[in-house]
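Chains as they are written, first to last, in our numbering: chain A, 55 to 497; chain B, 570 to 1140; chain C, 8 to 374. Here a beta-carbon is modelled for each residue, glycine too, at the ideal position from N, C-alpha and C. Here the structure is a predicted model, which is why all the values come from computation and not from measurement. Taking it in order: structure first as structure tokens, then the write-up.
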Amino acid sequence: MKKRLLPGLVAGALLVLSSHAMALDGTLTIVTSYPTDTTNTFKAAFEKKYPGVTVEMLKKKTTAGIKYLQEIAGNNTADMFWASAPDAFEVLKADGLLAKYQVKVQGIPEKVGAFPINDPDGYYKGFAASGYGIMWNTRYLKAKKLPVPKEWDDLKDPVWFGHVGMSAPSRSGTTHLTVETVLQGLGWEKGWAEWKAIAGNFKTVTERSFGVPDGVNSGQFGAGIVIDFFGLSSKASGFPVEFAYPKVTTLVPANIAIVKNAANQAAAEAFIEYLMSTEGQELLLDPKIRRLPVNPATYAKAPAGFPNPFEDSSIGAAVKFDLDLSKGRYNVVNALFDVMVTYRMDDLRAATKAVQDARAAQAGKNNAAAMALIDQAEALIAAVPITEAQAGEKGFNAIFKKARKKASTKVTGRQAEIEAEWDAVVVANYAKAKELAEKAQGM
Amino acid sequence: MLSLYRGYGRVAWVALGLAAFLLVFLALPILKVVFVAFQDPHSGALTLLNFADFFGAALFQASFLNSLYVSGMSVLLATLIAIPLAYYTTRFNFEGAVLIQTLGIIPLIMPPFVGAVAMVLLLGENGSVNLLLDEHFGFTIPFMRGLNGVILVESIHYFPFILINLSAALNNIDRAMEESAQNLGCHGSRLFRRVVFPLAMPGYVAGASLVFIKVFDDIGTPLLLNINNMLAPQAYLRISSIGIADPMGYVISVILVVFSIFSLWVSLLAMRGKDYATVQKGGGGLARRDMRPWEKVVCYAIIIVILLFVLSPHLGLTLLSFGTIWSFSVLPDAYTFDHYLTVFQSAFGYVTNTLLYAGIAAGADVVIGTAIAYIVLRTGLAGRKWLDYIAMGALAVPGVVLGIGYLRTFHDFQVPLVDKPLASWWVIIVVALTIRRLPYALRACMAALQQVSELLEEAAENLGATKARSVRRIVVPLMSGGILAGFITSFATASVELSATIMLVSNESDAPLAAGIYEFMQNAAGRGPGAALGMIAVLIVGLGTYLSHVVIERGKKSREATSIVGEETAT
Amino acid sequence: MNTSEPQTGGVVIENLSLSFGANEVLKGVNLDIAEGEFFAFLGPSGSGKSTLLRAIAGFGPTPKGRILIRGQDIARLPPWKRDVGMVFQSYALWPHMTVRKNVAFGLEERRVPRNQIADRVNAALDMVGLRDLADRRPSQLSGGQQQRIALARTIVVEPKVLLLDEPLSNLDANLRIQMRREIRELQRKLKLTTIFVTHDQEEANTTSDRMAVLDQGVIQQVGAPMDLYDRPRNLFVATFLGTANVIRGGPETVDGRPAFRSAHGALFPLAGDGPHGDARHLVIRPQNVHVAAPGTAPGPDAAGGDTALEGRVDHKEFLGGVVRYGVDVQGDMVLVDDPHSMGHAVFEPGDAVVLSLNPRHMTLLPG
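Okay, structure coming up:
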């Protein structure tokens, strides 16, 4: 925002006239999902180093960024894509929208946690690691006498009813990654059961991924499922919050890639090199950014207590993340989460509350019939309308891809239609679960 | 066709140019949206399938019902706020009238989505008020829970539309209407029910339908309150996360437009043939009386409660912009100027962008408004009324829909020299603002031109001025007060417009204030600076509102002066 | 409608004063309006005539003094308890109700049984000749029709007194003449005490039995229209009720006979011999002055001992029925209306003329 509008335009116009200039100049357009604090810091530092270059940050949510690059592909105006979720880069790679690039900076390891830092095919590069975890508001926990949550399971506890927040995976690429991580870590059925048990305690499913740290920071709810830098940077900004990684999490590289047919290839290359350099990596430790550098040497400058995945092997090592599996069912998982959780929050909450109450009422009574009913109710809540195999099926996934490639492309079924079918099943299950749990409570 | 225009020379060309502008930037994008809504996304064939999907999907049904519910409840709550205020000012000799007038302006200078953030901190489930209530009385009030929050924020923001219209309607009732009923034996609540209320009804309906549609179309407030199962946010989310190919966004757009048109039609129907503004000389408004002491107590109590609610976004925003950390506590932990420093150091571009965009848009609006007003009122060009209709049609187009229409229509149009699609060039934001604010500027210009007697223009032409010169030397200077008021109003409201711009901002350095605030609110460290930026927005709009008020009042006074002269010469 | 046994009553106003804040708009008004009388309040705007009417109906600030209708003081009753019917200047027909609904309104407020309401509304509409329009809305009616409906709406409740606030001012000239006849006829038929406010003296003259001329919140004179015209009690009434020559000067005795000498020196012999000590103005209407060429036969009243004054025509205006001359008589401008007929002699400015005046047509007023 430092540059005024006109210089930008002039620079843009000059760029058109002198697109073959060798010296670093012109506008570098980066499509990114990162918040202003991050983008501004890098923009300022990079522009200081390369005074001829003007960095333009195009703010798009990850999913919107993918759409944007797909839509402008025919007439590309962006140079780079800079976001967290590797699967987003996979989508772009598959669409042939990224350019290969070999980083020159040395000393970056192959893997962080269980995850390879760079795309094996060389299309996108990890520049920082992030993992999902739980952040909580210490004042809130103290006031409501809640225990500190360390693992996903902790959030299933009835004491957390109405105190947890999360954003929808369909709105946030990194949230999607977390959902997928748990699904892969625990398996399809158990994974969804875990999510729905936690979701039953949700106070809200936010539309924006920042809605979660925002809610925890302001104390609208006690704990949130967030990506680490939201937690770390909130804490660094002075909010009374803490952050922890559960065991089942994936440390995934946050990535950057050069867009195919970039208008300013030279500046884009310079930006990647800068990002990977010690200088660029140290910027990640900025209190407003707080991402885990991929260059292990950088941790020497990190503040005390800053997590170091290259030393603490417990972070993100439990799950071996299968990127292909994730990519194959990306949209289906998002749609399922929305149908089962986001849009049916009230029904899910009611059913969960009934089960929790029934369990509390039956605690220590040893009433087998009641317990059976409660288990049945829980199973109904946990049920998923489709199997893992179906979720990964190619033709089925195609329904959830919106872009019409050719007028002749045949697609059977429409997303809205299928979602309506799921919804009917889910609503009926929740209603039945509530009924059973209420029955059990009275026994 | 041109034969119809013969004799108007250049004016005809101006008219054709305006028509082309309106067609390209208003009619075409909307038609495109409507077309896509009826198009099969896979085959491209025309179909009703998208609508079937929409109404078949539980989410959209829920969103639809939620939008109706929220809009309806907002109208109801806004009515409940507005009625006592309108009643007190029109019925009593009441020294607090200034207070009420202020009450009617304060909300308008705060963009509702900015207020929403602040209100969560004050009135949210763990906001200041509920923390205090919980601590001292052991209960909380769910002001902001779920849809309640949207309803509260919207009704606090939009009740002035009802207040203003209702007060005007009450003030315009010929006092004899009331007196003749009293003379025939009617008084008290029967008088209100049988005569006063029906007479004020058209004004009320006009205000209420405006509130309904504003809430129905609002996108920022639900988004910032994390309510996404409403129509306008759904349209934004579908388009921004699934892409501009997703038909649901277009279906929602069509539904938004249909509802806009419907509520405009309702308000037109209410107003048509019922121009009850039959004020006789000196007989305007209901008979007023002094308040009894206990009435005064009740009255002030009500006003103070409303005032507290109305001021809560401003109070919250002020605290937020000066507070360091505000988390699960009644007040921020400490206070600082840092957020303002941050804004002035690194985010002032939003402000300059806003001033530029809103300035150009408002300027274009009054130029276009004056031209259309002149063509419609002073020429005999065939089809001139259509210019007016189409320009006013912008009222029925929600910002989101216009944004979506622009994205879809101008995506492939490459701007020469700039080498960007028109849809992602900053100028498109200005165009969107221009179109969005045109109806208001046009009405102001129409009113201003109607005040200028045609005789004055004829006198100039009689003395040898050409049409163009008499317009420039006589008509425009005489309209200047109205034009200025129109400019300021357009400027102030355009500077906090979010719904259209949020769809069109493709580049951070092009982002205006509203989008900047929205952007800031997405960072842990950004709430403070975001609030500081919000305060600047409030300041700009507040100043604009004050200036236009001054201009209008001055115009009124000078008109009163001339009309007094007129009356004296007539008797 | 029961017209044989009127509910009407006379209105007595005793020492009525009324202020808007510090501004006293009625100052000690006393009036006695007889039962069944058609009474006009005449005065310029701001004279207090409308305020007085509204005070009778109960609108505006509470006055001091008493307003008695059939002996009951209503000055402190709210408007809806007064049983005083008022027709407003703007008619105040409620636009959201049909004509029938408008007319029925007062009866409904009086809890008249439904079947009676229909009959009485029809009767009232018949009375104003507009039964066909019963289902229209007021906005679909012409000005005259609205006026009749407003009248019907008021008389249908059979008020004790009917008040008309400038009822004809919104009508065009022809309709106005027709409407004032209709109102007068209706009033005669109903024998309803009626008070009529107007600033138009012709309207007051043509309709009212008696009238009160108001100025600055004070009743200047009360009486039958012709009496007031011919014998105004003060300068205001004299000039307000039509064109008058007002000649300033003082009384004198010439040859033992009373006379009036203008400030410029012209001498007007007066009739009789009563004391005229405080007379400062001589008033005579232009049509009571006759003009002739010097030496020709004097006017019709010459035998009555007319005064002859010599003068010179200053200007002339042709008004249609009369030619109005301004004649300079020793520095006093005297207006003379000379009836015009075809071939009648016309004087031109500069012509010397002789004016003849009858002392009985003169009114002397104090300063």
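- Listed along chain B, the residues sitting closer than 8 Å to Met-93/C by beta-carbon distance are Glu-748, Ser-749 and Asn-752.
- Residue pairing by DSSP places His-297/C opposite Ser-363/C in a beta bridge.
- Sixteen is the threshold: when 16 or more other Cβ atoms of the shown chains lie within 10 Å of the Cβ of Met-186/C, as they do, the residue is buried.
- In the three-state reduction of the DSSP assignment, Asp-340/A falls in the coil class.
- According to DSSP, Val-984/B shares a beta bridge with Lys-989/B.
- When beta bridges are read from the DSSP output, Ile-188/A appears opposite Ile-279/A and Ala-298/A.
- Using a CB distance below 8 Å, the part of the region 108-122 of chain C facing chain B consists of Phe-112, Gly-113, Glu-116 and Arg-117, ordered along the chain.
- Around the beta carbon of Tyr-98/C, 16 or more other beta carbons lie within 10 angstroms, which makes this residue buried.
- Residues are counted here when their Cβ sits less than 9 Å from a Cβ of chain B; for the region 287-300 of chain A these are Ser-287, Ser-288, Lys-289, Ala-290, Ser-291, Gly-292, Phe-293, Pro-294 and Val-295, given in chain order.
- For Gly-256/C, the enclosing beta strand (DSSP E) covers residues 252-261.
- The beta carbons of Leu-971/B and Ala-1084/B sit no closer together than 7 Å.
- For Phe-256/A and Val-667/B, the gap between their C-alpha atoms comes out near 46 Å.
- CA-to-CA, the gap between Pro-223/A and Leu-427/A works out to about 31 Å.
- In terms of Cβ geometry, Ile-120/A and Ala-142/A form a close pair [threshold 7 Å].
- Taking every protein chain shown into account, the CB of Thr-201/C has 16 or more other CB atoms within 10 angstroms, so this residue is buried.
- In the three-state scheme derived from DSSP, where H, G and I count as helix and E and B as strand, Lys-374/A is classed as coil.
- Assignment of Phe-325/C by DSSP, reduced to helix, strand and coil, places it in the strand class.
- Judged by DSSP in its simplified three-state form, Val-213/A adopts helix.
- A Cβ of chain B is located within less than 7 Å of the beta carbon of Met-111/A.
- Leaving aside the five residues that flank Pro-294/A on each side, the residues in its chain whose CB is nearer than 8 Å to its CB run, in chain order, Asn-191, Thr-192 and Arg-193.
- Assignment of Asn-717/B by DSSP, reduced to helix, strand and coil, places it in the helix class.
- With respect to chain B, the C-beta atom of Lys-342/A has a partner C-beta closer than 7 Å.
- Sequence-distant partners of Leu-152/A (beyond 5 residues in either direction) whose C-beta falls short of 8 Å from its own C-beta, in its chain, are Phe-135, Phe-143, Leu-146, Tyr-177, Tyr-178, Ala-311, Ile-312, Val-313 and Lys-314.
- Here Val-438/A carries a coil assignment [DSSP, helix/strand/coil].
- Nearest Cα to Phe-633/B within the set Met-799/B, Tyr-975/B and Val-583/B: Met-799/B.
- Here Lys-374/A is exposed: its Cβ has fewer than 16 other Cβ atoms, across all protein chains shown, within 10 Å.
- DSSP places Trp-955/B inside the alpha helix (DSSP H), whose first and last residues are 953-962.
- For Pro-767/B, at least one C-beta of chain C is nearer than 7 Å to its own C-beta.
- Beta-carbon to beta-carbon, Pro-300/A and Gly-219/A are separated by about 16 Å, too far to satisfy the 8 Å threshold.
- A residue is called buried once 16 or more other Cβ atoms fall within 10 Å of its Cβ, and Ala-352/C, having fewer, is exposed.
- For the set Ile-453/A, Gly-446/A and Lys-114/A, the Cα lying nearest the Cα of Pro-610/B is the one of Ile-453/A.
- The region 385-401 of chain A makes no contact with the region 319-336 of chain A; the number of CB pairs closer than 8 Å stays below 3.
- Contacts with chain B (Cβ-Cβ distance below 8 Å) from the region 139-150 of chain A involve no residue at all.
- Chain B has a Cβ within less than 7 Å of the Cβ of Ala-64/C.
- For the 7 Å CB-CB criterion, Leu-434/A and Lys-486/A form a contact.
- The secondary-structure analysis by DSSP pairs Val-320/C across a beta bridge with Val-334/C.
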